[in-house]
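The structure under discussion appears below in the form of structure tokens.
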Amino acid sequence: MKKDNGDQTNEGALRDSRRYQLALRLMAHQARTRTISAMTSLSRHQQETLRRRWRITEETRRRGPSPSSLDRFTHSPRARAEGACLAAFCRNYGLLPLGNIAGIPRRKLLTLELGERLCDTYETYRACFSRSALEIEELLSFVLGIAENEVIGLGRCASCSGTVLIDRLAPHRPSCAHCQRANAESWVAVEESSRADDPL
Numbered sequence: 001m002k003k004d005n006g007d008q009t010n011e012g013a014l015r016d017s018r019r020y021q022l023a024l025r026l027m028a029h030q031a032r033t034r035t036i037s038a039m040t041s042l043s044r045h046q047q048e049t050l051r052r053r054w055r056i057t058e059e060t061r062r063r064g065p066s067p068s069s070l071d072r073f074t075h076s077p078r079a080r081a082e083g084a085c086l087a088a089f090c091r092n093y094g095l096l097p098l099g100n101i102a103g104i105p106r107r108k109l110l111t112l113e114l115g116e117r118l119c120d121t122y123e124t125y126r127a128c129f130s131r132s133a134l135e136i137e138e139l140l141s142f143v144l145g146i147a148e149n150e151v152i153g154l155g156r157c158a159s160c161s162g163t164v165l166i167d168r169l170a171p172h173r174p175s176c177a178h179c180q181r182a183n184a185e186s187w188v189a190v191e192e193s194s195r196a197d198d199p200l
């Protein structure tokens with residue numbers, strides 16, 4: 001059954017409303033112009049007009065290339081633990097799993113629907129971790145990085161089977177920060193015990 005013109009008009013108006021609402025949210029989170037364009041199809045000129053209307057100052061804008069490095073999620077056990085926590089938020093809001101994205105151009109992945117889920121995830125994460133310095137486009141790189149499964153991925157801790165962020169460029173076995181700390185404390189206790197048992 002074909003939709004009449006009225007239904008099509010209402011759907012178009014609803015989608016336009018979603019595009020503008022998403023643009024406002026992304027601008028509030030300091031997403032870059034190119035990212036906003038990809039997710040909303042709004043041109044640079046349209047975004048400039050909206051910034052003036054919404055009184056978003058130039059000083060709040062981030063410029064330059066979007067962050068693409070995943071080092072902030074892999075450089076330490078704590079960073080990997082935070083990455084695993086972030087992945088749980090992404091799953092709750094439907095950002096993960098994205099499925100196999102090999103060979104799909106980035107611009108085709110940055111849809112309106114993905115942008116809405118990205119904002120939902122980011123806003124909830126920042127509400128829970130208000131002191132986090134995570135940028136919204138770092139979250140986007142994180143999600144795409146896990147989907148590509150080349151530099152980072154998700155796995156299970158070798159000791160407790162908890163979810164861990166895996167650095168695929170590192171040789172170590174995946175383990176969570178808690179188990180790493182427990183193992184380190186265990187080794188210290190063993191060494192102290194050995195020294196205590198040594199004859200003078």
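The sequence shown begins at 1 in the numbering used here and counts up by one.
Think of the CB as a built atom: it goes at the ideal place given N, C-alpha and C, for glycine as much as any other residue.
Exercise. Which residue from L110, T74, H172 and H75 puts its Cα closest to that of T23?
Worked result: If you number the sequence shown from 1, residue 23 lands on position 23. Reading the sequence as shown, one finds Ala at residue 23 and not Thr. Checked all of L110, T74, H172 and H75; the closest Cα to A23 is L110.
Exercise. In whole angstroms, what separates the C-alpha of A127 from that of D7?
Worked result: Here residue 127 is taken as the residue at index 127 of the sequence shown, counted from 1. Here residue 7 is taken as the residue at index 7 of the sequence shown, counted from 1. Cα-Cα distance, rounded: 37 Å.
Problem set entry | Neighbour-count burial assignment, C119, 16 or more Cβ in a 10 Å radius | As a working mapping, residue 119 is identified with position 119 in the sequence shown. C119 is buried by the Cβ-count criterion.
Exercise. Nearest to P105 by CA position, among L144, S76, G64 and M27, is which residue?
Worked result: Along the sequence shown, read from residue 1 onward, the residue named residue 105 stands at position 105. Out of L144, S76, G64 and M27, L144 has the C-alpha closest to the C-alpha of P105.
Exercise. Hey, quick one: how far does the beta strand (DSSP E) through T163 stretch, first residue to last?
Worked result: Residue numbering aside, residue 163 sits at position 163 when the sequence shown is read from its first letter. Segment T163 to D167, the beta strand (DSSP E) holding T163.
Exercise. Are there 16 or more other CB atoms within 10 angstroms of the CB of A184, so buried, or fewer, so exposed?
Worked result: Locating residue 184 in the sequence shown gives position 184, counting from the first residue. With fewer than 16 other Cβ atoms within 10 Å, it is exposed.
Exercise. Straight-line CA distance for E59 to P171?
Worked result: By 1-based counting over the sequence shown, the position of residue 59 is 59. By 1-based counting over the sequence shown, the position of residue 171 is 171. Going from the Cα of E59 to the Cα of P171 covers about 43 Å.
For this session: Would you tell me roughly how many angstroms separate the C-alpha atoms of A21 and P77, rounded to the nearest one?
Result: Locating residue 21 in the sequence shown gives position 21, where the first residue counts as 1. Locating residue 77 in the sequence shown gives position 77, where the first residue counts as 1. Strictly speaking, residue 21 in this sequence is Gln, with Ala absent from that position. Cα to Cα, Q21 sits roughly 37 Å from P77.
Problem set entry | C-beta contact flag for L165 and I152 at 8 Å | Locating residue 165 in the sequence shown gives position 165, where the first residue counts as 1. Locating residue 152 in the sequence shown gives position 152, where the first residue counts as 1. Result yes, Cβ atoms of L165 and I152 sit closer than 8 Å.
Problem set entry | DSSP three-state assignment for R156, whether helix, strand or coil | Reading the sequence shown from its first residue, position 156 is the one you call residue 156. R156: strand per DSSP, three-state reduction.
Exercise. Looking at the structure shown, is R106 part of a helix, part of a strand, or coil, going by DSSP?
Worked result: As a first step, residue 106 must be located in the sequence shown, where it is residue number 106. Helix.
Problem set entry | Element boundaries [alpha helix (DSSP H), containing R77] | One-based indexing of the sequence shown puts residue 77 at position 77. Note on residue identity: the sequence assigns Pro, not Arg, to residue 77. Element bounds for P77: P77 to N92.
Problem set entry | Three-state secondary structure assigned by DSSP to N183 | For this step, residue 183 is matched to residue 183 along the sequence shown. The answer is helix: DSSP assigns N183 an H, G or I state.
Exercise. If we call anything under 8 Å between Cβ atoms a contact, is L86 one with F142?
Worked result: One-based indexing of the sequence shown puts residue 86 at position 86. One-based indexing of the sequence shown puts residue 142 at position 142. Closer than 8 Å, so yes.
Exercise. Would you call T124 buried or exposed, if buried means 16 or more other Cβ atoms sit within 10 Å of its Cβ?
Worked result: By 1-based counting over the sequence shown, the position of residue 124 is 124. Answer is exposed; the Cβ neighbour count stays below 16.
Exercise. What's the C-alpha gap between R34 and R15?
Worked result: The residue given as residue 34 occupies position 34 in the sequence shown. The residue given as residue 15 occupies position 15 in the sequence shown. Straight-line Cα distance between these residues: approximately 20 Å.
For this session: Give the C-beta separation of E137 and R32 to the nearest angstrom, bearing in mind that I take them to be a contact with Cβ-Cβ under 8 Å.
Result: Taking the sequence shown and counting its residues from 1, the one referred to as residue 137 is at position 137. Taking the sequence shown and counting its residues from 1, the one referred to as residue 32 is at position 32. Rounded, the Cβ-Cβ distance is 7 Å, consistent with contact.
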